[in-house]
Amino acid sequence: KAGVTQTPRYLIKTRGQQVTLSCSPISGHRSVSWYQQTPGQGLQFLFEYFSETQRNKGNFPGRFSGRQFSNSRSEMNVSTLELGDSALYLCASSLLGSQETQYFGPGTRLLVL
Amino acid sequence: KQEVTQIPAALSVPEGENLVLNCSFTDSAIYNLQWFRQDPGKGLTSLLLIQSSQREQTSGRLNASLDKSSGRSTLYIAASQPGDSATYLCAVPESGGSNYKLTFGKGTLLTVNP
């Protein structure tokens with residue numbers, strides 16, 4: 001069974017631009033979560049989707065948004081990029097949610113210049 | 114609000130040594146606890162998930178224990194190898210009604226020297 005895939009793997013953007021990251025979960029998994037990882041803050045929860053519905057959202061500004069499609073693939077969008085948005089963005093999938101084993105993708109490394 | 118702490122932040126050991134990584138959490142009303150491994154610049158790999166009703170969970174050379182009442186978990190690695198070098202993270206689902214996110218510790222960076 002294929003694992004969680006994330007595209008693109010690396011991205012360089014400039015301040016003020018916007019970016020869209022994609023996550024394809026393991027086949028059959030309906031829950032997709034997104035996390036931001038930085039050296040200073042560690043892993044921080046962004047949001048979680050299940051069957052196209054956002055069930056939980058972390059403490060991030062409205063510039064961070066996401067969605068999930070009917071095939072469970074998910075995208076997250078960051079508008080008006082800031083230098084502090086530079087991070088590794090990870091998505092995780094599971095059958096039903098955080099009470100199960102989470103399977104993480106390799107991440108998208110975003111650098112904002 | 115759940116807080117997860119991992120001690121030590123970094124650990125360096127010679128090959129073959131047995132070692133223990135620690136994880137503590139502030140809210141003992143957890144559903145489960147997961148241990149992950151992260152290699153530099155990579156995603157997380159799930160190692161063990163231990164349910165709140167369990168005391169221990171084992172996979173190969175790894176053994177995780179959970180003491181909910183004291184808010185602690187340990188990950189025991191037997192006969193460490195250089196390939197075990199990585200950052201180890203523990204995580205718990207958010208307590209309360211919304212169990213849809215994990216709260217992570219900052220991790221323990223393990224270096225196993227040949």
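In the order they appear, the protein sequences are chains A and B.
Numbers 1 to 113, taken from the numbering used here, label the letters of the first sequence in order.
Numbers 114 to 227, taken from the numbering used here, label the letters of the second sequence in order.
We put the beta carbon where it would ideally sit given N, CA and C, even for glycine.
Note that the structure is predicted; figures quoted are calculated from it, not measured.
Is there a Cβ from chain B that is less than 7 angstroms from the Cβ of residue i?
i: E48(A); result: yes
i: P106(A); result: yes
i: T101(A); result: yes
i: L11(A); result: no
i: S98(A); result: yes
i: G42(A); result: yes
i: F69(A); result: no
i: F45(A); result: yes
i: L197(A); result: Within the shown structure, residues of chain A are numbered from 1 to 113, placing residue 197(A) beyond reach of any answer.
Tell me the rounded alpha-carbon separation between residue i and residue j.
i: S125(B); j: Y201(B); result: 13 angstroms
i: Q68(A); j: F104(A); result: 17 angstroms
i: R150(B); j: W34(A); result: 17 angstroms
i: K13(A); j: L113(A); result: 6 angstroms
i: E48(A); j: T5(A); result: 16 angstroms
i: L162(B); j: G97(A); result: 14 angstroms
i: L43(A); j: G129(B); result: 30 angstroms
i: G66(A); j: A192(B); result: 43 angstroms
i: S72(A); j: S51(A); result: 7 angstroms
i: P106(A); j: L90(A); result: 7 angstroms
i: T216(B); j: T187(B); result: 17 angstroms
i: S165(B); j: W148(B); result: 14 angstroms
i: Q102(A); j: G218(B); result: 15 angstroms
i: N131(B); j: N176(B); result: 11 angstroms
i: L160(B); j: E75(A); result: 26 angstroms
i: V117(B); j: S141(B); result: 11 angstroms
i: K114(B); j: V205(B); result: 12 angstroms
i: G145(A); j: A199(B); result: Limits of chain A in this structure are 1 at one end and 113 at the other, which puts residue 145(A) out of reach.
i: F45(A); j: A123(B); result: 23 angstroms
i: E100(A); j: S93(A); result: 10 angstroms
Comparing the C-beta of residue i with each C-beta of chain A, is any distance below 7 angstroms?
i: K155(B); result: yes
i: K114(B); result: no
i: K181(B); result: no
i: L213(B); result: Correcting the residue identity first, residue 213(B) is Tyr in this sequence and not Leu. Judged by the 7 angstroms Cβ criterion, Y213(B) is in contact with chain A.
i: P121(B); result: no
i: P227(B); result: no
i: P127(B); result: no
Taking the alpha-carbon of residue i as reference, which of the options has the nearest alpha-carbon?
i: P8(A); options: E100(A), K1(A), A2(A) and V19(A); result: V19(A)
i: T139(B); options: A123(B), S182(B), A122(B) and L188(B); result: S182(B)
i: L81(A); options: F60(A), A92(A) and T101(A); result: F60(A)
i: G16(A); options: S70(A), Q41(A), A87(A) and V78(A); result: V78(A)
i: D152(B); options: N226(B), N131(B) and G220(B); result: G220(B)
i: K1(A); options: L11(A), C23(A), H29(A) and Y10(A); result: H29(A)
i: G196(B); options: V117(B), K155(B), Q119(B) and P227(B); result: P227(B)
i: R174(B); options: C203(B), G156(B) and V133(B); result: V133(B)
So, under 8 angstroms CB-CB, residue i and residue j are touching, yes? Tell me the CB distance rounded to an integer number of Å.
i: Q37(A); j: L88(A); result: 4 angstroms
i: G3(A); j: K214(B); result: Not a contact, Cβ separation roughly 21 angstroms.
### Message
Taking beta-carbon pairs under 8 angstroms, can you tell me which members of the segment 129-163 of chain B lie near chain A?
### Response
Within the segment 129-163 of chain B, the qualifying residues are Y144, N145, Q147, F149, G154, K155, G156, L157, T158, S159 and L162.
### Contacting positions in the segment 49-60 of chain A - beta carbon closer than 8 angstroms to chain B
F50, R55, N56 and G58
#### Entry: Contact residues within the segment 19-33 of chain A, judged by C-beta distance below 8 angstroms to chain B
S31 and S33
### Message
At a CB distance below 8 angstroms, what residues from the segment 187-199 of chain B approach chain A? Give them in sequence order.
### Response
For chain A, none of the residues of the segment 187-199 of chain B brings a beta carbon within less than 8 angstroms of one of its beta carbons.
### Query
In chain order, what residues of the segment 165-176 of chain B put their CB closer than 9 angstroms to some CB of chain A?
none
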